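One structure is given here, and the rest of the page talks about it.
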Amino acid sequence: MMRCSNRARSAAHRVTLSAITTAPTTTPLLDAPSISLPDFTIDLTTALPGDGARLPLPDSIVRGKIYWLYAVPIALLHAAALLACFPYFFTWTGLIVMVLGVFVFGQSITLCYHRLLTHKSAKVPKWLERTMVVLALCSMEDTPGRWVATHRYHHVHSDEQPDPHSPLVAFLWAHMGWLMVHNPSTHNLAAYQKYARDILEDPFYMRLEKSPLWILIYITHAALYFAIGALFSWEMAWSLLIWGVVVRTVIVWHITWSVNSLTHMFGYTNYGTGDHSRNNWLVALLASGEGWHNNHHHDPASASNQHKWWEIDVTYYLICAMGMIGLAKDITPPRHKRLARIAAAQSAKSATNAG
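Letter by letter, the sequence shown follows residues 23 to 377 of the working numbering.
Okay, structure coming up:
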């Protein structure tokens, strides 16, 4: 049973940006224009139920103000995904493309956005990094600067009042509700500059923050799926669009969101991290190793979430495979392996000096 407390984490478990990544955060950046969206009033207590919640909603949110930039596409794509229930839109090709897409586009989030960009746990050539970022944009999980900044902010304040998506508020809030309510602490360029300055130093990534290019990339890739299908038949065109794009996008969303919600609610722990992160085998299976979340919060800089032999981490295996063919370097192993290497080196040095 998970026991929760509203107390802030002790100093021993306080997480800093340097513990999450060693990326520099000193170079000033240009300001970007904000996006003005219409207001809409809702009652958060009824829209986002949370009986038995252990934390209040973050103080920084604007209660009753929907963040339309996220809420509209989330609602539209979920509605469009229901078309998959109609036989006309089904083809085995569409289903196979969807399944493969969940893995490939899912890796653009877990491997690229999370482990490469957010935690700097490995390095890849810039052309490959940007290619994976484009694939991530085709998952419509936001720009790299916003994604990285929000995730680093979560690590610094995990399961504390400022955490943008703690399930200690409510499951629905952590899973998807937090995305659809305006939160100035995460929805502004100043926050991205503070928590993702290293990302925004790349002109391409900064351009994504200052223009609708990331939205156009998603629309273009959806149109490409439709056009390829149309070469064969209209039925195939609609099948690739609905199954290969819409259903795949929604599934990847919910897999990612489950890391925010389920892995802070259900599972076991290997470490005391001062928050409520858990290792959840189901999420680990669906998210290619991201479900070993307690391990990750214990050692966020590591490229691997596998701390026991049976904690399978497919994303880490892919990073290692990329390293073997020269596409990845500076791969950071788990802390216990790093410490073991240091101890072995010190023992060897002591033996040499004694000899």
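Note that beta-carbon positions come from the ideal geometry of N, C-alpha and C, so glycine has one too.
Bear in mind that the values here come from a model prediction, so they are computed numbers and not experimental data.
Where does Val-203 sit, in a helix, a strand or coil, going by DSSP? Val-203 falls in the strand class under three-state DSSP.
Return yes when the Cβ of Ala-144 is within less than 7 angstroms of the Cβ of Ile-334, no when it is not. Not in contact: Ile-334 and Ala-144 (Cβ atoms no closer than 7 angstroms).
For my contact list, Gly-311 and Tyr-290 are in at a C-beta cut-off of 8 angstroms; report their separation, rounded to the angstrom. Contact flag wrong, Cβ pair sits at about 16 angstroms.
Out of Trp-260, Thr-115 and Ile-277, which has the shortest C-alpha to C-alpha gap to Ala-102? Checked all of Trp-260, Thr-115 and Ile-277; the closest Cα to Ala-102 is Trp-260.
Buried versus exposed, by CB contacts within 10 Å (16 or more), Leu-348: Contrary to the premise, residue 348 reads as Gly rather than Leu in this sequence. Gly-348 is exposed by the Cβ-count criterion.
If we ignore side chains and look at the alpha-carbon of each, how far apart do Gln-183 and His-286 end up? His-286 has its alpha-carbon roughly 15 angstroms from the corresponding atom of Gln-183.
Can you round the beta-carbon distance between Met-258 and Thr-115 to whole angstroms, since I take them to be within the 8 angstroms contact cut? Contact check for Met-258 and Thr-115: beta-carbon distance about 7 angstroms, within the 8 angstroms limit, so the pair qualifies.
His-179 and Pro-322 - do their beta-carbons sit closer together than 7 angstroms? No, they are not a contact pair.
Does the Cβ of Leu-77 have 16 or more other Cβ atoms within 10 Å, making it buried, or fewer, making it exposed? With 16 or more Cβ atoms within 10 Å of its Cβ, Leu-77 is classed as buried.
May I ask you to list the residues that DSSP assigns as paired with Trp-314? Paired residues: Asn-301.
On the DSSP letters alone, give me the boundaries of the alpha helix (DSSP H) that Pro-225 sits inside. Segment 225-232, the alpha helix (DSSP H) holding Pro-225.
What is the rounded straight-line gap between the Cα of His-298 and the Cα of Phe-248? The alpha-carbon atoms of His-298 and Phe-248 are separated by roughly 43 angstroms.
Extent of the continuous alpha helix (DSSP H) run through Ser-331: A small fix is needed here, since residue 331 is Trp in this sequence, not Ser. Per DSSP, Trp-331 belongs to no alpha helix (DSSP H) and is neither H nor E.
Could you pull out every residue in the same chain whose Cβ sits closer than 7 angstroms to the Cβ of Met-202, ignoring the five residues on either side in sequence? Counting only Cβ-Cβ distances below 7 angstroms, and skipping sequence neighbours, we find Ile-88, Tyr-89, Tyr-92, Ala-93 and Ile-96.
Nonlocal neighbours in the same chain, by C-beta distance under 7 angstroms from Ser-188, ignoring five residues either side: Excluding sequence neighbours, Ser-188 sits near Leu-77, Asp-181, Ala-196 and His-286.
Using CA coordinates, which residue listed in Met-198, Glu-231, Leu-284 and Lys-359 is at the minimum distance from Asn-316? Asn-316 has its Cα closest to that of Leu-284, out of Met-198, Glu-231, Leu-284 and Lys-359.
Does Ile-83 come out as helix, strand or coil in the three-state DSSP assignment? In this structure, Ile-83 counts as coil in the three-state DSSP scheme.
Under three-state DSSP, which class holds Ile-88? Reduced to three states, the DSSP call for Ile-88 is strand.
How would you call Gly-251, buried or exposed, if buried means at least 16 neighbouring beta carbons within 10 angstroms? Gly-251 comes out buried.
Thinking just about the alpha-carbon of each residue, which of Gly-199, Phe-193, Arg-168 and Trp-332 is nearest to the one in Ala-212? Distances from the alpha-carbon of Ala-212 to those of Gly-199, Phe-193, Arg-168 and Trp-332 put Arg-168 closest.
Which first and last residues belong to the alpha helix (DSSP H) in which Gln-183 is found? Gln-183 -> no alpha helix (DSSP H), and no H or E assigned at all.
So, under 8 angstroms CB-CB, Leu-99 and Val-272 are touching, yes? Tell me the CB distance rounded to an integer number of Å. At roughly 6 angstroms, the Cβ-Cβ gap stays under 8 angstroms, so Leu-99 and Val-272 are in contact.
Proximity below 7 angstroms, CB of Ile-264 to CB of Phe-125: Taking 7 angstroms as the Cβ cut-off, Ile-264 and Phe-125 do not qualify as a contacting pair.
Is Lys-351 helix, strand or coil when you go by DSSP? Of the three classes helix, strand and coil, the one that applies to Lys-351 here is strand, per DSSP.
Taking Tyr-217 as the reference, which of Pro-206, Val-281, Arg-174 and His-276 has the closest Cα? Ranking Pro-206, Val-281, Arg-174 and His-276 by Cα distance to Tyr-217 puts Arg-174 first.
Coarse secondary structure for Thr-67, derived from DSSP in three states: Here Thr-67 scores only 35 on pLDDT, less than 50, and its place in the model is too uncertain to base an answer on.
Check whether the Cβ atoms of Met-120 and Val-269 sit closer than 7 angstroms, and answer yes or no. Against a cut-off of 7 angstroms, the Cβ pair of Val-269 and Met-120 comes out as a contact.
Quick check on Ala-145: does DSSP put it in helix, strand or coil? The residue asked about is misnamed: residue 145 is Lys in this sequence, not Ala. Reduced to three states, the DSSP call for Lys-145 is strand.
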